[in-house]
Structure formats: structure tokens, C-alpha cells
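K.L.:
My structure is below; once you've seen it, I'll send some questions.
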Amino acid sequence: MSVVIPILLVLALLWVLLAVVAVQPEPSVPNSLPHPDIDGMMAGSDGLARLAEIDLPAFSLQAATLILVVLMIALGVSRRYRTLPFWLGLAATAILFLFVWSRIFLGHQHFLSTGEVHYVLGFPAPTAWVGYGIWASGLALLLLYVLGFRKFIYTHEDEAEFERLVQELPDGE
Amino acid sequence: MEALRSEIILGFVAAYLVFCVAVGLWAMRRTHSAGDFFVAGRSLGPFVVAMAIFSSTLSGFGFVGGPGLVYATGVSSLWMVAVSAIGYGVGFWLVAKRIRMVTEIRRCLSLPDVVAARYNSEGARFLTALTILLGVMGYLATQILALALVMQSILQGTEVFAGVSLVSCVLFATAILVFYSVTGGIIASVYTDLVQGAVMIVAGLLIVIVAANVFDGGIEQASAIVLADNSEAMMPFGTAGIIACLSWFFIFGFGLAGQPHLITKMMMNKRISDNRTIYPMSVFGYIMAALLWVSVGIVMRAVVLDGGHDPLGAPDAAAPAFLSAFAHPLLAGVVFAALLAAIMSTSDAFLNIGTAAVIHDIPIAIRGRSLDRELLWARVFTIVIAAVAAGFALFSFYQNERLVAILGAFGWSTFAAAIVPVVVIGLNWKRGTARGAVVAVLASLLINFGIEILPISLPKDINGGFLAMLTSITLFICVSLLDKRPKHAPEMARIMEI
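Those sequence lines, one after another, are chains A and B. Here the numbering used here is used: position 68 in the first sequence is 68, and no number is missing along the way. Here the numbering used here is used: position 290 in the second sequence is 463, and no number is missing along the way.
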């Protein structure tokens, strides 16, 4: 099956989730307000209230986006190289993406309900997951690319085939 | 040394500008054809390409606007920058290999050349070129204005140039930019990018060290001050809220691979196998340089909240204020040079792709062939485009603030929404058709312009660029599936099998 079909399904899911977000009642508080004391700064309003109506659709929206990233990556690999090791590597990356996202979202929910803060490398834990976690999960894609370059990105056979194509150019360039 | 702060900063900036001029003169001797001017003869090594890719991505927005956003809205904008590693991933997995193949087999000079080769469609070429030209004018105007404002602030700190006008700074900044872009084309651009990127990495690293030492408790203490004042500002979605942040993740994650000034660099490497090293080097460079974005913004917000600094006149003053208050004059000199580097490395890339659109792509789309004496016209139109963008910048500053804001905001999202389906997906999906590509680009233009010009605001802070991109990708796939199966030229079919 072409990977475009699952991509289309995830796009449809994104549209549905976006519509669900859009039609939710407006939160009882504005998202943010000018800082009461300092011009030029904004302050966020009540975190629980502004998430109340959209928490689950928003969580699902991002989860669907991350699945879309992974499917798009699969689209970039020729069908004949979408082997079991490739899919396993990509599945591990997808799990890492979703794990990081769940730590961000659930960590924030935990803070909103308890007020507890733990710092990780200078930032409150959920924010640290944004900074370090998203970067790290992007590096998983990088690692897969570098390690799999000659296995499913640009094999020696691909290189030879491209060289043949170049040699066949009319003026022999 | 503190008494000579302004002169030291000016010295670093002057040395950097002299370097740019020298590179322009050196590159002029290596630029013999339009192919050299636009794609450096496809002869660049991996390190040069990697530095050019990341330094073109991180514009003045990253060094000035980024810290300003963190100062104003808390950590919301972290979502724009943290997603870069995934964004580069999308670019390298889906674009880098095939765009380089098409470039060599079809001898492409520009991204619209690649689009025309892929779809065998002059309509798709024309619309891609038009989108690039529109986006470039806005982006370039904002960059030239930022460049001039930074220069003015540096010069006004000295006794000799205290009264320098903005117009003079625009003229001077544009002249330097045009000089090396005209004489050396993309060769000058990528080799200045090489040094610009190195300066940005060094500046990013040093600034983080300084920022971590502003408070005794380091960044954690700064975070705690911000959190104590307003917890949402320091929590993962900042003051902008969850939907705005997720919209940015989408636009900056997928959209990075749709930025023409970035993926055009993927056409220039000597060997396709070099992508294996270019990708990690680009990501590493970007992350190092982007550290400045986050650390400066949080520390300045904390310092102001803590009473250690007067409130800033404008959020964009966060980085300059930080440098004045906490950075050693030598470091401030390096960082100001890095700031100019960030702006100029993006600007020269825009100049190059905008010129290609005008003298190469649009004429081919309309009359079937490029302008005669392409290299000469490339140089002429580099000057013309820079002059028009500088005019836009000045007109916007003095007469109509909305103009450049509209065009600037239009840039990233429109590139992303137009180019991601047509190039990023299209190069990897044989079923994609020219009609699908044309519809996707038109949808991108209409939605992005419509949302900027008309009084439309989307509910729940959904970003217009997100909507445009989701629409264009969906339309591209659906229209292509409903269309007749395309017939590819034999060599294109073989490329898409590799």
C-alpha cells in the first residue's frame, strides 16, 4: 500500500481535530493579558481554565502531527527499502516522539493540578521536555538517517544507477 | 576597555564587513556562468553546504526577534526553535537526495527549474517562481530594515557617527550586501555563510555561558523568577497558549523543508553521499546558534522582573540590552558581528533566489527561454531587487508599517504551504500531478494573503499559516488522486525510483 493513503487519513484526522478545537466554547478567560506591571510583556492567564475545553483535542492534534512526520519520513524512502529494520527504526522514533509529547502535556497537567515544580537542566520539567526532548527526538531521525544511509537512503546500487543515468546524458556531462 | 565598548563593537563589525567585500572580490574570479552564479557549479564540499544551510535558516529574527519573543511571551516561541531538528529531518529525508539528482540530470539553476522538470509544467514553474519572488521581497525588506537598524544603533554609540540617519544606514547596508552578492553570486554567498555560521555558533555558545552566570543560581534561578511572577509564562506553552504553539510546531517543523533559500543549497553539493555528513553538521550548527534565542530571552525577562534592569522599550531590545548590561565588550563585538552575519546570510540567499525567479524562471515560463546573457542580467537584477526591497523597507518604516509586516509574515508560511506539497511530497510521490501542484500553490497564496489582508482572525489562536499548509497539502494529494496518472520523462521516472 502506498504510504500516501495513511498520510491522507492522518490529514483527515487533523482536519477533524482542528474543527473540534475551533468549535469548542471560548474559554472563560483570555489566553493571555498584558503584564500588570511591565509594558511589553504578556502574562498567561489561568492555565487550567484556558485548557479546560481543548485539552484532549489539542493532545490528539499534536499526536496526529507527530504520526504525520513519521509517515512523511517513510515517504522519503524508496518502497523497496522499506524493510522491517527500517520500519522498526521508524516505529522507535515515533514512540520517542509520542513519549516526549506525553511528558510535556502530562507534566503541564500535573503542574496545573498540584503546583509542584521540578527543574531539569535549568527549566521546569515539562518545559525542559520541549527544549531538550523535542531536540533529542529530532536527533533520533538524524541517527537513523546517518546509520541507514547506505541501507535505505542512498545505497551503493542507487549510486551506481545514478552514475549510469548521468553517463547517458546527451552531451555526456 | 569598557569605555571603548562602542568602538570595539564597531571594529568587529567593520572587520566583518571588510571580509564580506573581500570574499565578493575573490568569488568574482570563480563566477563564469549563470550556473556558477546560482548553484555554484554543483561543486561545494559538505562543510560549506552545511554551514550555508543552517546560517541561511537562522536570520536576524533568530538573534533579535527570538529573544524578544521569549521576553514578551515567555517560552512559547521555544516551539519554533526546538522543532528545527525535526524540520531538518524532513528536509534531508525527503528533499536532499532527489533535488540534487534532478538538478544534475536537468541542469537546473533554481527551485522552479526543479518543479518544472518534475511536473513537466511551465504553469507550476511560473507559480513557484512568483511565490518565491513575492516572499523574497517581503523577507528581504524586513532583513534590510533590521540590518540598517542594527547598524544605526552601533554607529550612534560612537561620537563620530552619532547623528547617522536610517536612510544612510539602509544605503550602506544594501551596498555591502549587493556588492558581494553581485560580484560573487552564490559562491560569495555560501563562503560568507561559512564564516557567518562559524561566528553565529561561537556567539551562541559564549552567550549561553554569560547568561548562565547572570544569576548565582544560573538559568534555573532565572526560570524560577519568571515562574514565580507568572507560572504560565515559564510552562511549556508560554503565554501564547497550546494551539498557537502546536501551530508553530507544524509550520516550523514541516515548513523548514519548504524554505527555498534553504533547500536550494541542497542543489549545490558535489556528491549526493555528502548529505550523510551535511545533515548532522547543519543541525548541530543551528542548535548551537539558537541557544542564544532561548537563554537571552529568559534571562532578560527574569532580570527585568527582578528589578535588575529597567523594563525594555520594546521586546526586540532584549538582545541588545543583554549585551550592553552583561557581555564583555569583546563578546558584544562578536555577537553584533554575528547578528549582522545572521541577517546578511539570509538576505544574500533571498537575493539569489529572487534574481533567479526574475531573469531565469519567469521568462522561461512565459516565452520558453531564459534571458540572453544570463550572468549579466543576474548581476543587474540582483541590484534592482535589492534596491526595490530597500525602498520597501524605507517606505514601510516612514509611511506604512503594515507593508513590510504583511510581506514579511507572508514569507515563511507561504513558502511552507506552497513548496512542501509541490517539492517535499512531489519529489517522492510519482502520482503527484501538475494540476495538484498548481492548485496547492494557488491555495497557499490565496489563504496566506487573505488572512494577512482581510480582517480574518481564526478561533483559538489557530495560526493562518497552519491552516494554509494543511489545506495545500490536502489539496495537492486529493487533486492529484482525482487527476489522470501523470506520465514522467524517462529520466525523471528513474530518479524517482532511486
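In this text, a Cβ means the ideal position worked out from N, Cα and C, and glycines have one as well. Keep in mind the model is a prediction, meaning the values are calculated, not measured.
By the 7 Å beta-carbon criterion, what residues does the stretch 417-447 of chain B contribute toward chain A?
P.N.:
Flagged, chain order: Leu-419, Phe-422, Phe-423, Gly-426, Ile-445 and Ser-446.
K.L.:
Of all the options Ala-560(B), Gly-638(B) and Ser-617(B), which has the alpha carbon lying nearest to the alpha carbon of Phe-345(B)?
P.N.:
As a working mapping, residue 345(B) is identified with position 172 in the second sequence. When each option's Cα is compared against that of Phe-345(B), the closest is Ala-560(B).
K.L.:
Considering just the uninterrupted stretch of the alpha helix (DSSP H) at Gly-407(B), what are its terminal residues?
P.N.:
Working through the second sequence from its first residue, we reach residue 407(B) at position 234. The sequence shown places Met at residue 407(B), not Gly. Here the alpha helix (DSSP H) through Met-407(B) covers 404-407.
K.L.:
Alpha carbons only, please: which of Thr-204(B), Val-191(B) and Ser-179(B) is nearest the one belonging to Leu-549(B)?
P.N.:
For the purposes of this step, residue 549(B) is taken as the residue at position 376 of the second sequence. It is Thr-204(B).
K.L.:
Taking DSSP as the reference, what is the three-state secondary structure of Gly-172(A)?
P.N.:
Residue numbering aside, residue 172(A) sits at position 172 when the first sequence is read from its first letter. Residue placement at Gly-172(A) is flagged as unreliable, the pLDDT there being 46, under the threshold of 50; a coordinate-derived value is accordingly withheld.
K.L.:
Buried or exposed: which applies to Ala-289(B), given that a residue is buried once 16 or more other Cβ atoms fall within 10 Å of its Cβ?
P.N.:
On the second sequence, residue 289(B) is found 116 positions in, with the first residue counted as 1. Answer is buried; the Cβ neighbour count reaches 16.
K.L.:
Apply the 10 Å Cβ neighbour rule to Tyr-244(B) and answer buried if 16 or more other Cβ atoms are within range, or exposed otherwise.
P.N.:
Along the second sequence, one-based indexing puts residue 244(B) at 71. It counts as buried.
K.L.:
Measure the alpha-carbon distance for Gly-260(B) versus Gly-336(B) and round it to whole angstroms.
P.N.:
What you label residue 260(B) is simply residue 87 of the second sequence in a count that begins at 1. What you label residue 336(B) is simply residue 163 of the second sequence in a count that begins at 1. Each residue's Cα considered, the two are about 43 Å apart.
K.L.:
With three or more beta-carbon pairs closer than 8 Å as the criterion, would you say the stretch 619-628 of chain B touches the stretch 323-330 of chain B?
P.N.:
Output reads no: the stretch 323-330 of chain B does not touch the stretch 619-628 of chain B.
K.L.:
According to DSSP, is Ala-607(B) helix, strand or coil?
P.N.:
The residue you call residue 607(B) lines up with position 434 of the second sequence. Ala-607(B) falls in the helix class under three-state DSSP.
K.L.:
State the Cα-Cα distance for the pair Gly-131(A) and Ser-455(B), rounded to the nearest angstrom.
P.N.:
Numbered from 1 along the first sequence, position 131 holds the residue referred to as residue 131(A). Numbered from 1 along the second sequence, position 282 holds the residue referred to as residue 455(B). One C-alpha to the other measures close to 18 Å.
K.L.:
Provide the residue(s) that pair with Ser-32(A) in DSSP beta bridges, ordered along the chain.
P.N.:
Taking the first residue of the first sequence as position 1, residue 32(A) is located at position 32. Paired residue(s): Gly-44(A).
K.L.:
Does the pairing of the stretch 284-299 of chain B with the stretch 529-537 of chain B give three or more beta-carbon distances under 8 Å?
P.N.:
With the cut-off at 8 Å, the stretch 284-299 of chain B and the stretch 529-537 of chain B touch.
K.L.:
Smallest Cα separation from Ala-258(B): which of Leu-567(B), Val-467(B), Phe-227(B) and Ala-417(B)?
P.N.:
Translated into positions along the second sequence, residue 258(B) becomes position 85. Ala-258(B) has its Cα closest to that of Phe-227(B), out of Leu-567(B), Val-467(B), Phe-227(B) and Ala-417(B).
K.L.:
Taking a Cβ distance cut-off of 8 Å, strictly less, list which residues of the stretch 239-258 of chain B are near chain A, in chain order.
P.N.:
Listed by position, the residues of the stretch 239-258 of chain B near chain A (Cβ gap below 8 Å) are Tyr-244, Ala-245, Thr-246, Gly-247, Val-248, Leu-251, Trp-252, Ala-255, Val-256, Ser-257 and Ala-258.
K.L.:
Return the CA-CA distance between Gly-172(A) and Glu-161(A), expressed in angstroms with no decimal places.
P.N.:
Taking the first sequence and counting its residues from 1, one reaches residue 172(A) at position 172. Taking the first sequence and counting its residues from 1, one reaches residue 161(A) at position 161. Only weak support is given to the placement of Gly-172(A): the predicted model assigns it a pLDDT of 46, under 50, and the value that follows is read from those uncertain coordinates. Gly-172(A) and Glu-161(A): Cα-Cα distance of roughly 15 Å.
K.L.:
Check the Cβ-Cβ distances between Gly-172(A) and every residue of chain B, and say whether any is below 8 Å.
P.N.:
Position 172 of the first sequence, counted from the first residue, corresponds to residue 172(A). Residue confidence for Gly-172(A) is low, a pLDDT of 46 falling below 50, so the modelled location carries little weight; the figure read from the coordinates is stated next. Judged by the 8 Å Cβ criterion, Gly-172(A) is not in contact with chain B.
K.L.:
Using C-beta distances below 7 Å, list every residue in its chain close to Lys-443(B), excluding the 5 sequence neighbours before and after it, in chain order.
P.N.:
The residue you call residue 443(B) lines up with position 270 of the second sequence. Cβ within range, chain order: Arg-215, Ser-216, Leu-217 and Gly-218.
K.L.:
Please classify Tyr-132(A): does DSSP put it in a helix, a strand, or coil?
P.N.:
Locating residue 132(A) in the first sequence gives position 132, where the first residue counts as 1. DSSP places Tyr-132(A) in helix when its eight states are reduced to three.
K.L.:
Looking at C-alpha atoms only, which residue of Phe-152(A), Val-21(A) and Ala-43(A) is the closest neighbour of Ile-416(B)?
P.N.:
Locating residue 416(B) in the second sequence gives position 243, where the first residue counts as 1. The option with the nearest alpha carbon to Ile-416(B) is Val-21(A).
K.L.:
First and last residue of the alpha helix (DSSP H) that includes Phe-565(B)?
P.N.:
Within the second sequence, the letter at position 392 stands for residue 565(B). Counting along the chain, the alpha helix (DSSP H) containing Phe-565(B) begins and ends at 547-571.
K.L.:
Please tell me whether Pro-240(B) and Ala-492(B) are closer than 8 Å, where the distance is taken between their beta carbons.
P.N.:
What you label residue 240(B) is simply residue 67 of the second sequence in a count that begins at 1. What you label residue 492(B) is simply residue 319 of the second sequence in a count that begins at 1. Against a cut-off of 8 Å, the Cβ pair of Ala-492(B) and Pro-240(B) comes out as a contact.
K.L.:
Is it true that the CB of Gly-208(B) sits closer than 8 Å to the CB of Thr-356(B)?
P.N.:
Residue 356(B) sits at position 183 when you count from the first residue of the second sequence. Residue 208(B) sits at position 35 when you count from the first residue of the second sequence. Not closer than 8 Å, so no.
K.L.:
I want to verify the contact list: residues of chain B whose CB lies under 9 Å from the CB of Tyr-145(A), in sequence order.
P.N.:
Counting from one through the first sequence, the residue named residue 145(A) turns up at place 145. Residues of chain B passing the Cβ test: Gly-262, Phe-265, Trp-266, Asn-448, Arg-449, Tyr-452 and Pro-453.
K.L.:
Please list the partners that Asn-601(B) has in chain A, where partner means a Cβ-to-Cβ separation under 7 Å.
P.N.:
For the purposes of this step, residue 601(B) is taken as the residue at position 428 of the second sequence. Within 7 Å Cβ-Cβ: Leu-75 and Gly-76.
K.L.:
Identify, in the order they occur along the chain, each residue of the same chain with its Cβ nearer than 6 Å to the Cβ of Phe-554(B), setting aside the five sequence neighbours on each side.
P.N.:
Counted from its first residue, the second sequence places residue 554(B) at position 381. Counting only Cβ-Cβ distances below 6 Å, and skipping sequence neighbours, we find Thr-528, Val-531 and Ile-532.
K.L.:
Could you spell out where the alpha helix (DSSP H) holding Cys-651(B) opens and where it closes?
P.N.:
Here residue 651(B) is taken as the residue at index 478 of the second sequence, counted from 1. 637-655 is the extent of the alpha helix (DSSP H) around Cys-651(B).
K.L.:
Say the cut is 7 Å; is the CB of Glu-157(A) nearer than that to a heavy atom of the ligand FAD?
P.N.:
In terms of ligand content, the structure shown is empty, and the ligand FAD therefore cannot be addressed.
K.L.:
Just how far apart, CA to CA, sit Val-508(B) and Ala-376(B)?
P.N.:
Indexing the second sequence from 1 puts residue 508(B) at position 335. Indexing the second sequence from 1 puts residue 376(B) at position 203. Their backbone Cα atoms lie some 5 Å apart in a straight line.
K.L.:
Relative to the alpha-carbon of Thr-519(B), which residue among Pro-502(B), Met-174(B), Ser-354(B) and Ala-385(B) has its alpha-carbon at the smallest distance?
P.N.:
For the purposes of this step, residue 519(B) is identified with residue 346 of the second sequence, where counting begins at 1. For the residues Pro-502(B), Met-174(B), Ser-354(B) and Ala-385(B), the minimum Cα distance to Thr-519(B) belongs to Ser-354(B).
K.L.:
Sort Ala-563(B), Leu-655(B), Gly-638(B) and Ala-487(B) by Cα distance to Gly-605(B) and report the nearest one.
P.N.:
Within the second sequence, the letter at position 432 stands for residue 605(B). The candidate whose alpha carbon is nearest that of Gly-605(B) is Leu-655(B).
K.L.:
Quick check on DSSP: helix, strand or coil for Phe-123(A)?
P.N.:
Here residue 123(A) refers to the residue found at position 123 when the first sequence is read from its first residue. Here Phe-123(A) sits in strand by DSSP.
K.L.:
Taking 8 Å as the threshold, find out whether the stretch 65-82 of chain A comes into contact with the stretch 419-431 of chain B through three or more Cβ pairs.
P.N.:
Because the criterion of three Cβ pairs below 8 Å is met, the stretch 65-82 of chain A and the stretch 419-431 of chain B touch.
K.L.:
How many Å lie between Lys-633(B) and Phe-388(B) at the Cα?
P.N.:
The sequence position of residue 633(B) within the second sequence is 460, counting from 1. The sequence position of residue 388(B) within the second sequence is 215, counting from 1. Cα-Cα distance, rounded: 36 Å.
K.L.:
Ordered along the chain, which non-local residues of its own chain (more than five positions away) have a Cβ less than 8 Å from that of Pro-57(A)?
P.N.:
The count along the first sequence starts at 1 and reaches residue 57(A) at position 57. So the qualifying residues of the chain are Leu-17, Val-20, Val-21 and Gln-24.
K.L.:
What's the gap between the Cα of Gly-148(A) and the Cα of Val-221(B)?
P.N.:
Reading the first sequence from its first residue, position 148 is the one you call residue 148(A). Reading the second sequence from its first residue, position 48 is the one you call residue 221(B). So the two alpha carbons sit approximately 23 Å from each other.
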